[in-house]
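In my numbering, the protein residues as written are -19 to 165.
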């Protein structure tokens, strides 16, 4: 018998650890199989980041407007159309995995009925929340990549012979004959 997703996740939690390269390092509580295919980093899943950011900003602004003003039937119909076209445009800028996730999570509106103010607010808030989660995931992956690059640079510096590279806070020592190396300005 299949359990609902929330009950299954409580019995066998799945923890995803993101490594310095933005990839999943492994799982905890899931058996620890090492032959699972590696996941694509979230930074590679957003094919058109500028477009996704623009649409996300627009959707967030629309949500603020919807919260502050009552909507008549015509404005609710228009907002429903904007929501549908925004989701479609977002899908054009995302990898197939994220498109599938967005389709599973977004609330579909029927063609024949006009959504209520509350339905529109919920749909917009849900989309804004999903986009903010996506942006946070990208920021986390980029930060992890920066930290990995910094660690790699530090290990390369430590591998050099002493005195080859000035340490942070030290001045470069003059070269042979008292002349400093490097560009002269």
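Glycine included, C-beta positions come from ideal geometry on N, C-alpha and C.
Note that the structure is a prediction, hence the values are computed from the model and not measured.
| query | result |
| --- | --- |
| DSSP bridge partner residues for residue 74 (one or two, in chain order) | 26 |
| Pairwise C-alpha distance: residue 140 and residue 44 | 55 Å |
| Assigned secondary structure, residue 120 (DSSP; H/G/I helix, E/B strand, else coil) | helix |
| Coil, strand or helix - residue 85 by DSSP | helix |
| DSSP-derived helix/strand/coil call for residue 66 | helix |
| Closest by C-alpha distance to residue 74, when choosing among 127, 132, 35 and 120 | 35 |
| Residue from 143, 125 and 118 with nearest C-alpha to residue 30 | 118 |
| Distance, residue 82 Cα to residue 70 Cα | 9 Å |
| Whole-angstrom distance between residue 50 and residue 20, CA atom to CA atom | 42 Å |
| Cβ-heavy atom distance, residue 107 to the ligand FMN, below 6 Å | The ligand FMN is absent from the structure shown, which contains no ligands of any kind. |
| Cβ-Cβ separation, residue 104 to residue 46 (assumed contact under 8 Å), whole Å | 6 Å |
| Three-state class that DSSP yields for residue 140 in the structure shown | coil |
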